[in-house]
């Protein structure tokens, strides 16, 4: 009897320990930043401008603006949870081929950006960057593009403003639902400090939306993107990329075809 009691207490202690670790170290599970020195020199084949934005006195948001000689507008691109602008710059070059300027930003603690990351700070910074673009472009000319983890951020900023279009690549219903699926034995609702509730934002987005999701996505399973489909407007599009994984949708013909048509 004493052995059983000790075993129960030990297992209870382990469970509590895992909960504590997840609560305090969840940034390590969600964010995989590549940090760059402040004097890092970016190098790309396409001409670009480096910009530093300051939402507050202790924060620097590093951004890259890829310019097209005759742009139809600008794409505000929020990249995924790994890397930095150095590794994501090629995506800016690719998107500029559609005759748009492209502004890409790094989170706080990513690349050359500085500051303390939190869910509210990410939302705050996204709005700050959007307001920055409004000084040079009309809202109709702004296309918000979010990928992976940043689809929640892109949807949030689109719900608070009136951009011309919203593009989501490999999105999720909520980060809470993804985490609960991955850790069904943990009380995720009480532990997760980054719930990122995309579903609460998307029905407030008034502009056209186009969603891409691969059926073989191993990071954010297809089902979590599909759950958003029922919240879309009639004119919105949901593109299923059969056989597509998390990081290779751009290699599929149906992806480029649909993206080209949506960006016309």
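In the numbering used here, the protein residues as written are 821 to 1084.
Think of the CB as a built atom: it goes at the ideal place given N, C-alpha and C, for glycine as much as any other residue.
Since the model is a prediction, treat every value here as computed from it, not as a measurement.
Per DSSP, residue 996 is not a residue of any beta strand (DSSP E); the alpha helix (DSSP H) it occupies stretches across 995-1002.
In this structure, the alpha-carbon of residue 1020 lies about 20 angstroms from that of residue 984. Only exposed fits residue 951, as fewer than 16 other CB atoms lie within 10 angstroms of its CB. Taking all protein chains shown into account, residue 1055 has fewer than 16 neighbouring C-beta atoms within 10 Å of its C-beta and is therefore exposed. In the structure shown, residue 967 adopts extended strand secondary structure according to DSSP, grouped into three states. Taking the Cα of residue 1029 as reference, the smallest distance to any Cα among 1044, 988, 1000, 1011 is reached at 988.
Taken through DSSP and simplified to helix, strand or coil, residue 956 comes out as coil. Segment contact: the segment 905-923 against the segment 871-887, three or more CB-CB distances shorter than 8 angstroms; contact assigned. In terms of Cβ geometry, residue 1027 and residue 997 do not form a close pair [threshold 8 angstroms].
For residue 1023, the closest of 860, 1048, 1016, 1035 by C-alpha to C-alpha distance is 1048. With a 10 Å radius around the Cβ and a threshold of 16 neighbouring Cβ atoms, residue 908 comes out buried.
Comparing alpha-carbon positions, the option among 883, 1041, 865 lying closest to residue 1061 turns out to be 1041. For residue 866, the three-state secondary structure derived from DSSP is coil. Straight through space, the alpha carbons of residue 832 and residue 823 are spaced by roughly 14 angstroms. For a cut-off of 8 angstroms, the C-beta gap from residue 949 to residue 902 is around 20 angstroms, too long to register as a contact. For residue 1059 and residue 1075, the gap between their C-alpha atoms comes out near 8 angstroms.
Looking only at 942, 873, 837, 1002, the smallest Cα-Cα distance to residue 899 is reached by 942. In the DSSP annotation of this structure, the continuous segment of the alpha helix (DSSP H) that includes residue 913 starts and ends at 905-916.
Within the segment 867-903, no complete alpha helix (DSSP H) segment of 4 residues or longer occurs. Contact annotation: residue 1016 and residue 939 have beta-carbon atoms nearer than 8 angstroms.
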